[in-house]
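Numbering (my numbering), first residue to last: 77 to 328. All residues carry an ideal CB built from backbone N, CA and C; glycine is no exception. Values in this document were obtained by computation on a predicted structure and should not be read as measured data. A short write-up of the structure that comes next.
Below is the structure:
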């Protein structure tokens with residue numbers, strides 16, 4: 077009966093913050109930034125390009141072909157960039173861990189003092205501090221984990237697969253880019269740009285609001301923040317395309 081009542085229990089503030097923290101450091105949380113960044117970049121860059129071409133009074137075929145080229149080139153470029161940067165980061169972490177292993181083998185007493193200082197800053201003193209240090213340094217693997225986590229600031233939440241990060245970025249970019257592109261493919265040209273802007277801004281809002289499930293920020297603020305970025309990029313691109321088109325026509 078008590079168990080069933082848990083369904084109706086209202087979580088206290090500290091518990092809510094803990095849940096948000098756990099979500100952010102869950103396996104899916106490691107790749108959230110790639111998914112958000114990829115979708116946002118694919119959507120905004122493609123929408124801005126197509127708005128610029130529409131502002132320059134280009135034909136539907138030209139806009140669609142340019143959009144497809146942007147979608148594929150952008151997805152490949154972003155995914156490879158993400159793979160390389162993540163791989164480099166993991167290699168750096170690996171080197172730092174190896175250095176810490178060598179320090180532990182060559183200077184165990186010094187590393188033990190590092191652990192002592194870490195837990196002194198956490199509020200442990202006297203015999204209690206001595207017991208904690210002795211207990212933690214009695215197991216070499218546990219000792220190394222403490223030094224890596226506490227001294228270097230490295231933990232499992234920062235360890236992500238390079239190739240999975242690249243794949244997530246690729247498909248997120250494709251999904252984001254497809255939204256404005258599909259409007260020019262399936263909607264008559266006279267309404268295509270309006271449809272692309274409307275659908276893109278809606279997606280930007282939902283993506284911004286959705287990521288607060290992990291970040292704990294205000295969903296309204298986060299959603300409108302991404303919408304503002306989309307409006308700014310689209311507006312600048314459209315009027316820039318219109319200006320360049322008019323200037324070129326004047327020169328010719």
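- CA-to-CA, the gap between residue 190 and residue 304 works out to about 47 Å.
- In the DSSP assignment, residue 172 falls within the alpha helix (DSSP H) that extends over 136-182.
- By the 16-neighbour rule on beta-carbons within 10 angstroms, residue 159 is buried.
- For residue 302 against residue 281, the beta-carbon gap comes to about 7 Å, under 8 Å, which counts as contact.
- For residue 116, the enclosing alpha helix (DSSP H) has its first and last residue at 108-131.
- Apart from the 5 residues on each side of it in sequence, residue 218 sits with its Cβ closer than 7 Å to the Cβ of 212 in its chain, given in chain order.
- Taking a contact to require three or more Cβ pairs closer than 8 Å, the segment 133-146 and the segment 249-267 qualify as touching.
- Considering only 187, 201, 222, 283, the residue with the shortest C-alpha distance to residue 249 is 283.
- Closest by C-alpha distance to residue 306, out of 114, 297, 184, 120, is 120.
- Pairing residue 147 with residue 166, the inter-Cα distance amounts to about 28 Å.
- Ranked by Cα distance from residue 133, the first of 236, 268, 278 is 268.
- Secondary structure of residue 287 (DSSP, three-state): coil.
- Around the beta-carbon of residue 272, 16 or more other beta-carbon atoms lie within 10 Å, marking it buried.
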